[in-house]
Amino acid sequence: MSNVSQSFIARRQRWGFYFVLPSVLFFVIFFLYPILSGFYYSLTDFTLLRPPQWVGLQNYQDLLKDRLFIKSIGVTLQFVLGSTVPVWIISLLAAVVFFQKFRGREVLKLLFFTPVLPSLVVVAVVWRILLHPSGVLTTLLRPFTGLGEINWLNDPVLSPISMILINDWSIIPFYMLIWLAGLTGIPEELRDAARVDGANPLQSFLRIELPLLRPTAVFVATISTINAFQAFTLQYTISPGRGGPIDVNTTMGLLIWKYGFQYYRMGDAAAVSVILFAIIMLVTGFQLLFSRGEQYSLN
Amino acid sequence: MTERTQVALSKFDASVAKAGVQPGLLLRKRLPGFLWFLVALLIAITFAFPIYFMVSSSFKAETEVLATPVHWYPYEFQGLLNYQRAFEVVPLARFFFNSAFMATVDVIVTVFFSALAGYGFAKFRFRGRRLLFAFIMSMIAVPFQILVVPLFIQVHSFGWVDSYAGLIIPGIMNAFGIFMMRQFAYGIPDELLDAARIDGAGEFLIFRRIVFPLLAPASASLAVIIFLFSWNNFLWPLIVTRSQDLATIPVGMTVFTQPHSDQPRWAVAMAVSTLATLPVALLFVFFQRYFVQGLVMSGLKG
Chain A
5 MSNVSQSFIA RRQRWGFYFV LPSVLFFVIF FLYPILSGFY YSLTDFTLLR
55 PPQWVGLQNY QDLLKDRLFI KSIGVTLQFV LGSTVPVWII SLLAAVVFFQ
105 KFRGREVLKL LFFTPVLPSL VVVAVVWRIL LHPSGVLTTL LRPFTGLGEI
155 NWLNDPVLSP ISMILINDWS IIPFYMLIWL AGLTGIPEEL RDAARVDGAN
205 PLQSFLRIEL PLLRPTAVFV ATISTINAFQ AFTLQYTISP GRGGPIDVNT
255 TMGLLIWKYG FQYYRMGDAA AVSVILFAII MLVTGFQLLF SRGEQYSLN
Chain B
445 MTERTQVALS KFDASVAKAG VQPGLLLRKR LPGFLWFLVA LLIAITFAFP
495 IYFMVSSSFK AETEVLATPV HWYPYEFQGL LNYQRAFEVV PLARFFFNSA
545 FMATVDVIVT VFFSALAGYG FAKFRFRGRR LLFAFIMSMI AVPFQILVVP
595 LFIQVHSFGW VDSYAGLIIP GIMNAFGIFM MRQFAYGIPD ELLDAARIDG
645 AGEFLIFRRI VFPLLAPASA SLAVIIFLFS WNNFLWPLIV TRSQDLATIP
695 VGMTVFTQPH SDQPRWAVAM AVSTLATLPV ALLFVFFQRY FVQGLVMSGL
745 KG
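Dropping the structure here:
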């Protein structure tokens, strides 16, 4: 190839750079720079009114003595636990049901999927009504509990469970969809082979499908964990007094909002963000390690 | 057994025999399908019930929504009265405009620049390509909670707090979109692009006239999930806007989430909720394939 055409090709390749440049600039300005500056702000005293004052690790030391912060870690972990393990199991079981062949399947799947559509704020308003002390859920459970009133949202023990219930209801159909895509991706021949070898459906599921769903499982586990750690909207919208009662629903996400946007203590809010980031990285890193680095395949 | 039943049974046996199946086997084949149907029906009703309750309550009289014992359907059907009241209680039209404006800009900008960058990463070999791609991919995993405080400070320093610019611009691109478009752009045959080049077409013209149309299915999936994400986004619009004129639907709806002492307006709240969900529901019904594909690929929901 002559030098002329080579330089022509090189010039053409530069267009690729121009094509990606707007996106790269965007992510530098609105992602990379804020993330890095967030670490810096966590080491300062900053209220937006004056320039940030360097305080070193003071914010972190204060947080360790801050009972609300310590409590928020427990609240967050509790919410994460309730919004992951039950979600994985129920969504997988639902996917197995909707993977079967039966009449009316598509319509029922459509109905099952509806909780994914509304925003969490809509979900919050609707469940406020359903969870009224003498409302729908209390009525439905009366044959089992015998109770006329249940304080779903105001009881300190029950309230975090209600948050998990609402959240799980709203996300399970989404994860069902992911599992279903995983199940559909398993070649039919493998199931047939297992049947020919005399495996019953349960054996086939446990020995063939479950191991092959591993990449899907990693994806579901990681995404659901990262999302759960960021819990904010439900706690903000329907827990009494934004995070109550007695702060049992003050997640770390809600605390970031409180410190940052209610009290304008940007340094403290940034420090909570950094710690939350570290926890998320630790947990998801552990999950990925546990899965021995298997990647979710999109095909 | 009556004679007619016997006749019917023998006919049934005959038809089964013709199909080459024994009656017992037929039962064994049909029954699991029916059981699966029952199980599916049960979970579908369980999950869809709150949505049913939302829609049906939007047609109830105000006193009915929290009535004990529960009104399972509107006893005093209100027609569209609650929907009319919704527009009087809150500036709903304004909320809708803001949400629609934000979602539209988000969708158009995200799809266009994701396609452009995805194509750039897939089909060109410029210096720094791997590094830049790795950089953008690492942004997929950044939880928004980590970003929110410094991003707000950044937007504040631009003087964009409480403006459309502050509301929309920080969300107009999506790292996942670039990844997705790159995957699809790989599939475009090089011969097609080279043929256009030989015809003298410029690189941007090739992108606009050949590549972008070929990426249409991927664009549809991306557009649908970006719309869903943007329409339902809450945290960022909540903190970056102050005035009611800039509130999106989820932010504007927060007035319904905390209890009201003056007068109950739960039925109105249900009307607003139904209206707020309607665009997404329509999108889901009409573009189900793209919707599902986009959701499965992205994991954006949450």
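As given, the protein sequences belong to chains A and B, one line each in that order.
Under our numbering, the first residue of the first sequence is numbered 5, with each subsequent residue one higher.
Under our numbering, the first residue of the second sequence is numbered 445, with each subsequent residue one higher.
Backbone N, C-alpha and C define an ideal beta-carbon position, used for all residues, glycine too.
Note that the structure is a prediction, hence the values are computed from the model and not measured.
Problem set entry | Reference B/Arg529; option with closest CA among B/Leu726, B/Arg709 and B/Phe735 | B/Arg709
Exercise. Got a sec, what are the start and stop residues for the alpha helix (DSSP H) A/Trp261 sits in?
Worked result: Met256 to Trp261
Exercise. Of all the alpha helix (DSSP H) runs that stay within the bounds of the stretch 501-525 of chain B, which reach a length of 4 or more residues?
Worked result: none
For this session: Quick one: list the residues of chain E neighbouring A/Leu286, beta-carbon separation under 8 Å, in chain order.
Result: This model lacks chain E altogether, as its protein chains are A and B.
Exercise. Does A/Gln104 get closer than 8 Å to chain B when you measure Cβ to Cβ?
Worked result: yes
Problem set entry | DSSP bridge partner residues for B/Trp480 (one or two, in chain order) | B/Trp480 pairs with nothing; no bridge assigned.
Problem set entry | Top-ranked residue by Cα proximity to A/Leu210, from A/Thr226, A/Leu187 and A/Thr80 | A/Leu187
Exercise. Apart from the five residues just before and just after A/Asn204, which ones in its own chain have a Cβ nearer than 6 Å to its Cβ?
Worked result: none
Problem set entry | Residues of its chain near A/Thr241, where Cβ-Cβ distance is below 8 Å and the 5 sequence neighbours each way are ignored | Leu124, Val125, Ala128 and Val129
Exercise. By the criterion of Cβ-Cβ separation under 7 Å, what are the contact partners of B/Trp480 in chain A?
Worked result: Val101, Gln104 and Phe106
For this session: Report the residue ranges of all beta strand (DSSP E) runs contained in full by the stretch 210-263 of chain A; include only those spanning at least 3 residues, in chain order.
Result: Qualifying beta strand (DSSP E) stretches: none in this window.
Exercise. Taking the continuous alpha helix (DSSP H) assigned at A/Ala128, which residues delimit it?
Worked result: Leu124 to Leu134
For this session: Would you list, in chain order, the members of the stretch 167-184 of chain A that have their beta-carbon closer than 8 Å to a beta-carbon of chain B?
Result: Trp173, Ile175, Ile176, Pro177, Phe178, Leu181 and Ile182
For this session: Please work out which residues of its chain come closer than 6 Å, Cβ to Cβ, to B/Tyr734, disregarding the five sequence neighbours upstream and downstream, and give them in chain order.
Result: Ala664, Ser665 and Val668
For this session: Note down, in chain order, every chain B residue with its Cβ under 9 Å from the Cβ of A/Ile93.
Result: Contact note: A/Ile93 does not reach chain B at a C-beta cutoff of 9 Å; the least C-beta distance is about 13 Å.
Exercise. Under 8 Å between C-beta atoms, does B/Gly746 make it to chain A?
Worked result: Its pLDDT being 39, under 50, B/Gly746 is placed unreliably in this model, and the coordinates cannot settle the point.
Exercise. So what does DSSP say about A/Asp49, is it helix, strand or coil?
Worked result: strand
Exercise. Going along chain B in order, which residues have a C-beta closer than 9 Å to the C-beta of A/Trp131?
Worked result: Pro494
Exercise. Given that a residue counts as buried once 16 or more other Cβ atoms are within 10 Å of its Cβ, and exposed if not, what is B/Pro513?
Worked result: exposed
Exercise. Which whole runs of the alpha helix (DSSP H) in the stretch 18-73 of chain A are 4 residues long or more, in chain order?
Worked result: 37-45 and 62-69
Problem set entry | Cβ neighbour criterion (16 or more within 10 Å) applied to B/Pro614 | buried
Exercise. Between B/Ala578, B/Val555 and B/Thr685, which lies nearest to B/Ala609 when the distance is taken from Cα to Cα?
Worked result: B/Thr685
For this session: Measure the alpha-carbon distance for A/Ser27 versus B/Thr490 and round it to whole angstroms.
Result: Their backbone Cα atoms lie some 43 Å apart in a straight line.
Problem set entry | 8 Å Cβ cutoff, A/Gln62 in contact with chain B | No, because no Cβ of chain B sits closer than 8 Å to the Cβ of A/Gln62.
For this session: Give me the Cβ distance between B/Ala559 and B/Phe656, rounded to the nearest whole Å; I'm assuming they're in contact under 8 Å.
Result: 6 Å
Exercise. Does the Cβ of A/Val111 lie closer than 7 Å to at least one heavy atom of the ligand MN?
Worked result: In the structure shown, the ligand MN is absent, as is every other ligand, since no ligand is present at all.
Problem set entry | Proximity winner among B/Arg626, B/Glu506, B/Asn526 and B/Ser500, relative to B/Trp516 (alpha-carbon distances) | B/Ser500
For this session: Kindly list the residues whose CB is nearer than 7 Å to the CB of A/Ile168, restricted to its own chain and excluding five residues on each side of it in sequence; keep chain order.
Result: Phe83, Gly86 and Ser87
For this session: Count the other C-beta atoms from every protein chain shown that fall within 10 angstroms of the C-beta of B/Lys567, then say buried if there are 16 or more, exposed otherwise.
Result: buried
For this session: Starting from the C-beta of A/Arg109, find all residues in its chain whose C-beta is less than 8 Å away, skip the five residues before and the five after it, and write them out in chain order.
Result: Here the set comprises Phe102.
Exercise. Expressed to the nearest angstrom, what Euclidean distance is found between the alpha-carbon atoms of A/Leu135 and A/Ile165?
Worked result: 12 Å
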